[in-house]
Amino acid sequence: MLPPSASEGPSPNSPSTPPASTSNPTLAFNPLSSPNPYLQEPQPTPEDQQDHHAHFSNTLVSVPPSPVLSQVTISTTADHVTTPSPTLVNVDIEHVAVDNDPRLWSPLKKNIVLAMVSIGSIPVTLGAAIYNPAFDELRSQLNATDNELSLSVSLFILFQGCCPVFWSSIAEVKGRKSVYLISYVIFLIGSVVSSRANTMTLLIVMRMVQAFGSSAVLSIGAGTLADMFEPEVRGSKMGLYYGTPLLGTSMGPIVGGALTQAFGWRSTFYFISAFGAVALFAFCFFPDSWRKERSLAYQAALKKSIADSLVHAEKKRKRKLAKGLRSTDATPAPTRPGSPTNPDPEKLELALESEQINGKKKGGRRRWWLFGERTGDKVADGTVKIGLRDVNPLLPALAILKCPSNLLTVISSGIIFAAQYSISFTAAVTFAESPYNYNALKIGLVLVAFGGGNIIGSVAGGRYSDYVLARLMKKNGGVREPEMRLKSVFVAMPIMVLSFLGYGWTANEKTNVAGPVVFLVTGGISVMVIYASVLAFLVDSNPGRSSSAVASNSFCRGLFAFAFSQSSLPIRNGIGDGGLYSLFSGMLLLTCVAFVVLTYKGKQWREPDHSFGYKRRHRHDLEAQAQNQTQTKDQEINPSDLKDVQPVVP
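According to the working numbering, the sequence shown is numbered sequentially starting from 10.
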């Protein structure tokens, strides 16, 4: 149907089609509005576009105009029309305008949030390390076997590494603060019940609960930092964030050994519970830095929710059309007694449209565990409410791992973390044996060397990563690429490999304790210089889904740490520390090669057409594109073919 201006004739407010003598006027035209450029309708306002979207969605939802599709211009003349295809604009989702922008917070507020997240992760890492010096008491009081003790440690690391995938998927849709609070409550429950456990089975189960609750802070914290800080300073902030929890890793054996000797093994869990309660109270005042406009996971869930609502409403409409109007409907069609219902189709459509607009609540029961309502049940207010049923924890992780650059990064990072964890795990056994024969407190003091090196490497590595990034950006004309960060790890690569090799053989030969301690310090520094820079690279490479990227990294490192912790002691007992850490050094050398390859190929591998399964998912699009190119080439006219053509004279 033509608009009123076209049906009633020309008027001053409704210009007609321009004559042939008119020069080429340019009309700003949005492809989402009327597709007919000849009518030259008035310029649509943003409100008109939004109304058009709502009408297009059958008045069920209100969808804002897409920020990616840009406006194009249509040149119209009487005899020529040029319609260029819409162009796609690469929108930086991390800088989309939002209310109360976390990147515009004051430096003081940002540093307070950084301190809250960093200090709040200390009980998490402390819970893993403070438990180890109590093995002897657990053997005597709970009759724990070596397999049960090893399983309690391995399952803790496995759950702490794998569960962030679940927490991050919620945090990217519901916000960070709620995840912090819920996860810390679960962590406290596991810690308190563990302190009162009377069987090893109950202790192992509660350790898994404890790990499940503690896993959120380690992955969501990196997303919080990405919400507030620009990439140019993100490396140093990541270094501080990951350096602070290492205090728990390094001081855990000392604190655990002292508490165990003074008050027994249960006091370690009392200490963790008290520390966690203070952190939970602090998170009650946490200013949430998450914004839905900057979350790719939220946008994907929103798209899925809208699609589900449209499908739900269409099925409901078809059922009503098939069954006819019920007695409860607004305008039932008249029927004769004793004859089947025969409703008026026009009145039926009006009734269905009225029900959609006014929002009939039939079947819209709220389920509290979904954190929202099913989208298809209630959308009458024009908004879309996303529940947990719209969130798949595996999809964000799979989207991250489809990128070859991300997959290689998380595998390499997982190997480094597993080697780092194994050196702490096996060192406790090595220095408890002859000729050292150290007690729990002395073993903790030896491991402080490795933990202290981790802290130095994390802080210094983050700052050095930012320095290298700024220097390379200046050479590149101010253009930043995430792969620039990886060049900061080149200097630490040989130090890491040689440190692990040196520690293994000095421990194998039972040299003076100073030898292994020196290699523990250099190994701790080099490992965290690499890890901090690689983590910042992973966050920079995945804008809008930083928490999912870090969670995927935690998932892989948890799997590797679980496998290494279960196999490192049997391998050590078979071939010694020298053979074990020679194997580790070989794997670490492969990770160094992977980082060098990523430095020069990562940008290319981050392109969508290099993701795994891209050609399979877009096979039909690629075939259609190739066919269109072939047809266009066949339709091209060679000017030499027109030399014998005679012009037609009227």
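Ideal Cβ placement from N, Cα and C applies to all residues, glycine included.
Quick check on this structure: which residue in I424, S115 and C171 has the alpha carbon closest to the alpha carbon of M596?
It is I424.
Using only the alpha-carbon positions, how far apart do L544 and R472 sit?
Distance between L544 and R472, taken at the CA atoms: about 13 Å.
With a threshold of 16 other CB atoms inside 10 Å of the CB of R480, please say whether the residue is buried or exposed.
Classification for R480: exposed.
Cβ-based burial, E239 [other Cβ within 10 Å; buried from 16]
Here E239 is exposed. Its C-beta has fewer than 16 other C-beta atoms within 10 Å.
Using the three-state DSSP reduction, which class does S443 fall into: helix, strand or coil?
Note: S443 maps to coil in three-state DSSP.
Note down the Cα distance separating Y189 from L454, rounded to an integer number of angstroms.
So the alpha carbons of these two residues sit roughly 32 Å apart.
Report the three-state DSSP secondary structure of S581 (helix, strand or coil).
Before going further, note that residue 581 is Arg rather than Ser in the sequence given. Looking at R581 - three-state DSSP - the assignment turns out to be helix.
If you draw a straight line from the alpha carbon of G461 to that of V536, how long is it in whole angstroms?
Using only the alpha carbons, I get a separation of about 12 Å.
Proximity below 8 Å, CB of I213 to CB of E146
Between I213 and E146, the C-beta spacing is not below 8 Å.
Return yes when the Cβ of L197 is within less than 8 Å of the Cβ of L289, no when it is not.
It is a contact, given that the beta carbons lie within the stated cut-off.
So what does DSSP say about L151, is it helix, strand or coil?
In the structure shown, L151 adopts coil according to DSSP, grouped into three states.
Cβ pair L255, T134 closer than 8 Å
Taking a C-beta distance under 8 Å as the contact criterion, L255 and T134 qualify as a contact pair.
Which same chain residues, not among the five before or five after H89, have their C-beta less than 6 Å away from its C-beta?
Here H89 scores only 43 on pLDDT, less than 50, and its place in the model should not be relied on; the value that follows carries that caveat. Short of 6 Å from the beta carbon of H89, and not among the five residues preceding or following it, lies no beta carbon of its own chain.
Would P142 and G266 qualify as a contact pair, given that the criterion is a beta-carbon distance under 8 Å?
Their beta carbons are under 8 Å apart, which means P142 touches G266 by this criterion.
Local conformation of I191 per DSSP, three classes
Looking at I191 - three-state DSSP - the assignment turns out to be helix.
Considering only the beta carbon of each residue, do S563 and G170 sit closer than 8 Å?
By the CB criterion at 8 Å, S563 and G170 fall inside the cutoff.
Assuming contact is defined by CB atoms lying nearer than 8 Å, are G129 and A291 in contact in what I supplied?
Contact flag set, yes.
Going by beta carbon distance, what residues of the same chain come within less than 6 Å of S224, once the five residues before and after it are set aside?
The answer, listed in chain order, is Q169, C172 and P173.
Using the Cβ count rule (16 or more neighbours within 10 Å means buried), how would you classify S443?
Exposed is the label assigned to S443, since fewer than 16 other Cβ atoms lie within 10 Å of its Cβ.
Assuming contact is defined by CB atoms lying nearer than 8 Å, are S431 and F294 in contact in what I supplied?
No; because the gap between Cβ atoms is not below 8 Å, this pair is not in contact.
From this set, T210, S187, G466 and V122, which residue's C-alpha is nearest T154's C-alpha?
When each option's Cα is compared against that of T154, the closest is T210.
Quick check: Q219 and S245, are their CB atoms within less than 8 Å of each other?
No, they are not a contact pair.
Which stretch, first to last residue, makes up the alpha helix (DSSP H) that contains P6?
Any question about residue 6 goes unanswered here, given that the chain covers just 10 to 659.
Classify E181 as buried or exposed, calling it buried when 16 or more other Cβ atoms lie within 10 Å of its own Cβ.
Buried is the call here.
Give me the Cα-Cα distance between I504 and L410, rounded to the nearest whole angstrom.
Approximately 29 Å, taken between the alpha carbons.
Nearest residue (CA-CA) to C412, options F569, W114 and A558
Nearest option by C-alpha distance: A558.
Neighbourhood of R494 by C-beta, 6 Å cutoff - its chain only, sequence neighbours within 5 removed:
In its chain, beyond the 5 residues on either side, S474, L478, S542, A545 and F546 have a beta carbon closer than 6 Å to the beta carbon of R494.
In the structure shown, what three-state DSSP assignment does Y140 receive?
Residue state, collapsed to three classes: coil.
Within 10 Å of its beta-carbon, does T515 have 16 or more other beta-carbons around it, so buried, or fewer, so exposed?
Sixteen is the threshold: when 16 or more other Cβ atoms of the shown chains lie within 10 Å of the Cβ of T515, as they do, the residue is buried.
Using only the alpha-carbon positions, how far apart do N67 and L407 sit?
Its pLDDT being 39, under 50, N67 is placed unreliably by the model, and the measurement read from it follows with that caveat. Straight-line Cα distance between these residues: approximately 33 Å.
Alpha carbon to alpha carbon, what distance is there between A560 and L1?
Residue 1 lies beyond the stretch modelled for the chain, which goes from 10 to 659, so this question has no answer here.
Straight-line CA distance for M482 to L227?
Straight-line Cα distance between these residues: approximately 30 Å.
Looking at C-alpha atoms only, which residue of S178, A206 and S304 is the closest neighbour of S276?
When S178, A206 and S304 are compared, the shortest CA-CA separation from S276 is found for A206.
Out of L578, M502 and T531, point me to the one whose CA is closest to L598's CA.
If we check each option's Cα against that of L598, M502 comes out closest.
Span of the alpha helix (DSSP H) around L495:
For L495, no alpha helix (DSSP H) segment is defined, and its DSSP state is neither H nor E.
Compare the beta carbon distance of V538 and V488 with 8 Å and say whether it is the shorter of the two.
No, Cβ-Cβ distance for V538 and V488 is not below 8 Å.
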